[in-house]
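Undergrad: Numbering (our numbering), first residue to last: 29 to 261.
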C-alpha cells in the first residue's frame, strides 16, 4: 500500500478512535448525523465537492449509488430533483441515511434502499445516475497486508476498491437504468485512484468517458484532483 493510501487508512482509524458513537457535522449550514461506521463528509471532502459541483438536476429523476450518510441525495432533493433514489450495501449507512432524511423531513422526497449497487433497482429508469465510488485502488493481496487485515469492514469498503471490481459492475449495468439521453456519472480522483487501471476497465468494456468537472482541491493538506466523469457507449 503506497503512502497516500496509508494516510487515508490512518484517517479512517483516527475517525474510528475519535467517534465511537453517532456524531454531527455541519456542511455549509446543513447538519448531518454520521454513524461511526459510515464514510464521514468531514474527514473526506469529496462528498461535499461532488454535491456542490453536480450538473443541474432540477426536475430530473436521480439515482445515487453508495449514499453513505445520505448527504448527496439530500442536496439533490433540495436542488429540486423530481425524484431521488439512493442505495447502499451497508446496513449502517442505510440506517444513517434514513435518520438524516427524517431529521430534514425529506422522507417523501428521497427513497433510501438497502442493497449492492443496482440490486434494489427493478424496472426503473433515471435521468442521472451518480456514484462517488470508492476510488482508492487496492489489489487482492493488499487486503492481507499488515494495514488491512482480511475482509474490508464497512468503513474501509466505503474507501477502498479491490481490483476496481465495483467499477466494472457499475459500468456493465448502469446504462440499462438510464432514460433516453440520461447520464451515467462517477466521482473519481486520478491523483488518489489508479488511473491506469481505471482507463483499462473502461476500454475493456468498449466505453469512453469525459471529465465534465475537473478541479484541484486540498484534501488532508495535499493538493488532489477531483473529477465528475460522464461515460459514453
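C-beta atoms are modelled at their ideal positions from N, C-alpha and C, and glycine is treated no differently.
Report buried or exposed for residue 236, applying the criterion of at least 16 other Cβ atoms within 10 angstroms of its Cβ.
TA: Taking the chain shown and counting its residues from 1, the one referred to as residue 236 is at position 208. Its Cβ having fewer than 16 others within 10 Å, residue 236 is exposed.
Undergrad: Using a Cβ-Cβ cut-off of 7 Å (strictly less than) and excluding sequence neighbours within five positions of residue 311, which residues of its own chain qualify?
TA: What the structure shows of the chain is the stretch from 29 to 261, and residue 311 is not part of that stretch, so it cannot be assessed.
Undergrad: Verify whether the separation of the beta carbon atoms of residue 55 and residue 69 is less than 8 Å.
TA: Here residue 55 corresponds to residue number 27 of the chain shown, with the count starting at 1. Here residue 69 corresponds to residue number 41 of the chain shown, with the count starting at 1. For residue 55 and residue 69, yes; Cβs fall inside 8 Å.
Undergrad: Got a sec? Which residues, its chain only, sit under 6 Å from residue 201 by beta carbon, not counting five neighbours each side?
TA: Walking along the chain shown from the start, residue 201 turns up at place 173. Once the five neighbours on either side are set aside, the close Cβ partners of residue 201 are 146.
Undergrad: How many Å lie between residue 213 and residue 256 at the Cα?
TA: On the chain shown, residue 213 is found 185 positions in, with the first residue counted as 1. On the chain shown, residue 256 is found 228 positions in, with the first residue counted as 1. Near 7 Å, if we compare the C-alpha coordinates of residue 256 and residue 213.
Undergrad: Could you check whether residue 164 and residue 98 sit closer than 8 Å to each other, using their CB atoms as the reference points?
TA: Residue 98 sits at position 70 when you count from the first residue of the chain shown. Residue 164 sits at position 136 when you count from the first residue of the chain shown. Going by C-beta atoms, residue 98 is not nearer than 8 Å to residue 164.
Undergrad: For residue 129, does the three-state DSSP call read helix, strand or coil?
TA: In the chain shown, residue 129 corresponds to position 101, counting from 1. Correct three-state label for residue 129: helix.
Undergrad: Report the CB separation of residue 67 from residue 254 in whole angstroms; it is logged as a contact under 8 Å.
TA: Along the chain shown, one-based indexing puts residue 67 at 39. Along the chain shown, one-based indexing puts residue 254 at 226. Between residue 254 and residue 67 the Cβ distance is about 15 Å, and since that is not below 8 Å, they are no contact.
Undergrad: With DSSP as the reference, label residue 58 as helix, strand or coil.
TA: Looking up residue 58 in the chain shown gives position 30. Three-state result, residue 58: strand.
Undergrad: Which value, in whole angstroms, describes the spacing of the CA atoms of residue 107 and residue 101?
TA: Within the chain shown, residue 107 is the residue found at index 79, counting from 1. Within the chain shown, residue 101 is the residue found at index 73, counting from 1. Each residue's Cα considered, the two are about 10 Å apart.
Undergrad: Let me know the secondary structure DSSP gives residue 160 once reduced to three states.
TA: Against the chain shown, residue 160 aligns to sequence position 132. DSSP places residue 160 in strand when its eight states are reduced to three.
Undergrad: Could you work out which residue in 128, 37, 160 and 192 is closest to residue 215 when comparing CA atoms only?
TA: The count along the chain shown starts at 1 and reaches residue 215 at position 187. The shortest C-alpha separation from residue 215 is found at 160.
Undergrad: Mind listing, in chain order, the continuous beta strand (DSSP E) runs of no fewer than 3 residues lying wholly within the segment 201-255?
TA: Taking only runs of at least 3 residues, the beta strand (DSSP E) segments lying wholly in the segment 201-255 are 206-216 and 236-247.
Undergrad: Where in the segment 91-116 do unbroken runs of the beta strand (DSSP E), each at least 3 residues long, occur, reported from the N-terminal end onward?
TA: Runs found: 111-116.
Undergrad: Got a sec, what are the start and stop residues for the alpha helix (DSSP H) residue 75 sits in?
TA: In the chain shown, the residue the question calls residue 75 occupies position 47. Residues 74-80.
Undergrad: Please confirm whether residue 196 and residue 229 have their CB atoms less than 8 Å apart.
TA: The sequence position of residue 196 within the chain shown is 168, counting from 1. The sequence position of residue 229 within the chain shown is 201, counting from 1. Closer than 8 Å, so yes.
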